[in-house]
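Trainee:
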Amino acid sequence: MKAEVPEEFELLVKSVRQFVQRELEPAAEVVEREGRVPEEAVAKLRGAGYFGLTIPARYGGTGLGVLPYCLVQEELAQTHSCFGTLIAGNNGIGSHALVHFGTEEQKAKYLPALARGEVISAFALSEPNAGSDAEGIETTAHPLDGGFMLNGRKHFISRATVADLFTVMAVTDRAARPKRKGITAFLVERGTPGFTIGPAHRTMGSDVVPAGEVTFDECRIPASNVIGEVGGGFAVAMSTLAEGRLNVAAKCVGTARRLLDLSVRYSKERVQFGRPICQNQAIQWMLADSATEIAAGRALLYSVASCLERGEDVRRESSMVKLFCSEMVGRVADRAVQIHGGMGYMSELPVERMYREVRLWRIVEGTSEIQRLIVARSLLEE
Ligand SMILES: Cc1cc2nc3c(=O)[nH]c(=O)nc-3n(C[C@H](O)[C@H](O)[C@H](O)COP(=O)(O)OP(=O)(O)OC[C@H]3O[C@@H](n4cnc5c(N)ncnc54)[C@H](O)[C@@H]3O)c2cc1C
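The opening residue of the sequence shown carries number 396 in the working numbering; numbering runs sequentially from there.
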């Protein structure tokens, strides 16, 4: 199978590519220089509808399906990662629960503002004592006065310091067995008394759109902010992550493509021993291995994204895609640094930043080990 953009999405990809080149690449220079996302770039993302790509049209979004949204993220990954990260909540893990499990009232209240990018969203599952073991979360939500009172702490939450709306997983029934049956999903707004955001984490990535902590201290939430069923939160979280993993894979493919382009170009320009380094078989093999792995990851991603769009159960396959693509981009980034030699280690080229940033993808939204565990379990259960 050739990993090509399906014909019906060629125009979409072309327009995103132009937007990246015209609007985001110049802004990326400001990001690198000043460590902040320029407000004009955020306004352009808003104006062009990037915050509402996957939000249904009747709530003001574009209503893109899984595959076209992956294609958009793949293109955005050609430039600084902060832009893709900024829009990823509203189009994915921060809105998925609302779009797929929310009540009509919740959707009408929040989705239009999310689609316009006036509200930024986040997804809060991970805690200091519960990462891979997501069922082990300790944040509690006790029924109180017709609503719930939340207590606990979440960490490593992407966009925490800029987000206005959080999908939060908390335990409503500590005695439930299996434990997943006691977890419920809630909507929590910034500014709710007892809800504290921050501090931001400092990481090996660029931290322009930082991940951070959020804390609940006797934080009262109305019952109308429950997403889905009480006790149904774990299923909401897993559905969110199954789709989110494809989006992560799309970013991996996009970044890998950029790294390969940079490597090909540099290997043709850089002359050693009187000839371009690309004339050495050692360099050619690295380029060939990267190109082959990118094509494999891309083909798998497009195929699984299409299956998910058709409503097929792709929990196993979405773990395979995330596993393969996140490990693939790590190898591609490593080869890119090697091909660039000392320049690959210098911050003046984007290769150095990308090498650091792609390390995240083997950890976030389920580590490589957890993806293997999901795949193996499903094989053994068959
Ligand atoms: C920058 C960043 C952003 C993030 N954004 C979000 C977010 O927006 N929302 C959110 O909820 N979370 C977020 N996370 C959390 C992320 O999903 C977790 O870090 C991840 O799931 C791993 O959990 P952990 O860090 O606690 O590692 P641990 O679970 O402690 O794992 C440590 C190591 O043990 C391995 N391990 C654990 N259990 C097993 C097992 N059964 N078999 C084999 N190996 C195992 C892991 O694979 C890993 O190698 C983010 C993390 C980072 C770094």
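Where a beta carbon is used, it is the ideal one built from N, C-alpha and C, also for glycine.
1. Using a Cβ-based criterion (distance less than 7 Å to any ligand heavy atom), does E764 qualify as near ligand 1?
2. Mind listing, in chain order, the continuous beta strand (DSSP E) runs of no fewer than 3 residues lying wholly within the segment 479-524?
3. Starting from the Cα of G455, find the closest Cα among Y464, R665, Y445 and P594 and give me that residue.
4. Closest by CA to N486, which one among E747, S553, G447 and R575?
5. What residues match up with M749 in a beta bridge as DSSP calls it?
6. Would M564 and A632 be called neighbours here (beta carbons separated by less than 8 Å)?
7. Taking the beta strand (DSSP E) that A565 falls in, what are its first and last residues?
8. Compare the Cα-Cα distances from S352 to each of E424, A536 and Q413 and report the closest residue.
9. Can you list, in chain order, the residues of its chain whose CB lies under 8 Å from that of V666, leaving out five sequence neighbours each side?
10. May I ask whether a heavy atom of ligand 3 can be found less than 7 Å away from the beta carbon of V770?
11. Skipping 5 residues on each side, what residues in its chain have a beta carbon closer than 8 Å to that of G792?
12. If you measure from the CB of I758, is any heavy atom of ligand 1 nearer than 7 Å?
13. With a CB to CB cut of under 6 Å and the five nearest residues on each side skipped, what residues in its chain are close to L481?
14. Tell me whether Y464 is buried or exposed, calling it buried when 16 or more other Cβ atoms sit within 10 Å of its Cβ.
15. Leaving aside the five residues before and after L774 along the sequence, list all residues of the same chain whose C-beta is less than 6 Å from its C-beta, in chain order.
16. Buried or exposed: where does M396 fall if 16 or more other Cβ atoms within 10 Å of its Cβ makes it buried?
17. Closer than 7 Å: is that where the CB of L545 sits relative to any heavy atom of ligand 1?
18. In three-state DSSP terms, what is M396?
19. Let me know the secondary structure DSSP gives G547 once reduced to three states.
20. Ends of the alpha helix (DSSP H) at C614?
21. In the DSSP assignment, the alpha helix (DSSP H) including H735 goes from what residue to what residue?
22. Grab the span of the beta strand (DSSP E) containing G593 for me, first residue to last.
23. Which residues in the same chain have their Cβ closer than 7 Å to the Cβ of P594, if we skip the five residues on either side of it in sequence?
24. Closer than 6 Å by C-beta to A644: which residues in its own chain qualify, once you throw out the five before and the five after it? Chain order, please.
25. Would the C-beta of L520 count as close to ligand 1, meaning under 7 Å from any of its heavy atoms?
26. Drop a sphere of 10 angstroms on the beta-carbon of L406, count the other beta-carbons inside from all chains shown, and report buried for 16 or more, exposed for fewer.
27. Which residues share a DSSP beta bridge with V621?
28. Can you give the Cα-Cα distance for R572 and D528, rounded to whole angstroms?
29. Got a sec? Which residues, its chain only, sit under 6 Å from R730 by beta carbon, not counting five neighbours each side?
30. In angstroms, rounded to a whole number, what distance separates the CA positions of Q676 and G479?
31. Under the three-state reduction of DSSP, which class applies to A436: helix, strand or coil?
32. Quick check: what's the CA-CA separation for V727 versus L462?
33. May I ask you to list the residues that DSSP assigns as paired with E670?
34. When burial is assigned at 16 or more other CB atoms within 10 Å of the CB, is Y740 buried or exposed?
35. Taking C-alpha atoms, which residue in L506, F414, T498 and T457 lies nearest to T474?
36. Hey, V648 and I689: beta-carbon distance below 8 Å or not?
Mentor: Here's the rundown:
1. Here the distance from the Cβ of E764 to the nearest heavy atom of ligand 1 is below 7 Å.
2. The qualifying runs are 516-519.
3. Taking only the C-alpha atoms, the option nearest G455 is Y445.
4. The candidate whose alpha carbon is nearest that of N486 is G447.
5. By DSSP's assignment, M749 forms no beta bridge with any residue.
6. Yes, the pair counts as a contact, with Cβ atoms nearer than the cut-off.
7. L560 to V566 is the span of the beta strand (DSSP E), which, as asked, contains A565.
8. The chain is shown only over 396 to 777; residue 352 falls outside these bounds and no answer can be derived.
9. If we look at V666 and ignore the five residues flanking it on each side, its Cβ neighbours are I672.
10. This structure simply doesn't include ligand 3; it includes ligand 1 instead.
11. Only positions 396 to 777 of the chain appear in this structure, which leaves residue 792 out of reach.
12. Between ligand 1 and the CB of I758, the shortest heavy atom gap is smaller than 7 Å.
13. Hits under 6 Å: V604.
14. With 16 or more other Cβ atoms within 10 Å, it is buried.
15. Counting only Cβ-Cβ distances below 6 Å, and skipping sequence neighbours, we find nothing.
16. Because M396 sits at a pLDDT of 47, beneath the cut-off of 50, its placement in the model cannot be relied upon, and the following sentence gives the value as read from the coordinates. Exposed.
17. Proximity of the beta carbon of L545 to ligand 1 is not indicated: no heavy atom of the ligand is located closer than 7 Å.
18. Only weak support exists for where M396 lies, its pLDDT of 47 falling under 50; the coordinates are left without a value.
19. Correct three-state label for G547: strand.
20. First-last for C614: A606 to P617, but that is the beta strand (DSSP E), not the alpha helix (DSSP H).
21. R710 to H735 is the extent of the alpha helix (DSSP H) around H735.
22. Start and end: F590 to A595.
23. Non-local C-beta neighbours of P594 in its own chain, meaning closer than 7 Å and more than five positions away in sequence, comprise G607 and E608, ordered along the chain.
24. Cβ contact annotation for A644 (same chain, cutoff 6 Å, sequence separation greater than five): L696, V716, K717 and C720, in chain order.
25. Yes, the Cβ of L520 comes within 7 Å of a heavy atom of ligand 1.
26. Counting the other Cβ atoms within 10 Å of the Cβ of L406 gives fewer than 16, which makes it exposed.
27. Looking at the DSSP output, V621 bridges to F581.
28. So the alpha carbons of these two residues sit roughly 15 Å apart.
29. M681 and S685, listed in sequence order.
30. If you draw a straight line from the Cα of Q676 to the Cα of G479, it comes to about 35 Å.
31. Here A436 sits in helix by DSSP.
32. Between V727 and L462, the C-alpha separation is close to 23 Å.
33. The question names Glu, but residue 670 in the sequence shown is Arg. Q667.
34. Within 10 angstroms of the beta-carbon of Y740 lie fewer than 16 other beta-carbons, which makes it exposed.
35. Comparing C-alpha distances from T474 to each of L506, F414, T498 and T457 shows the shortest one belongs to F414.
36. Cβ atoms of V648 and I689: closer than 8 Å.
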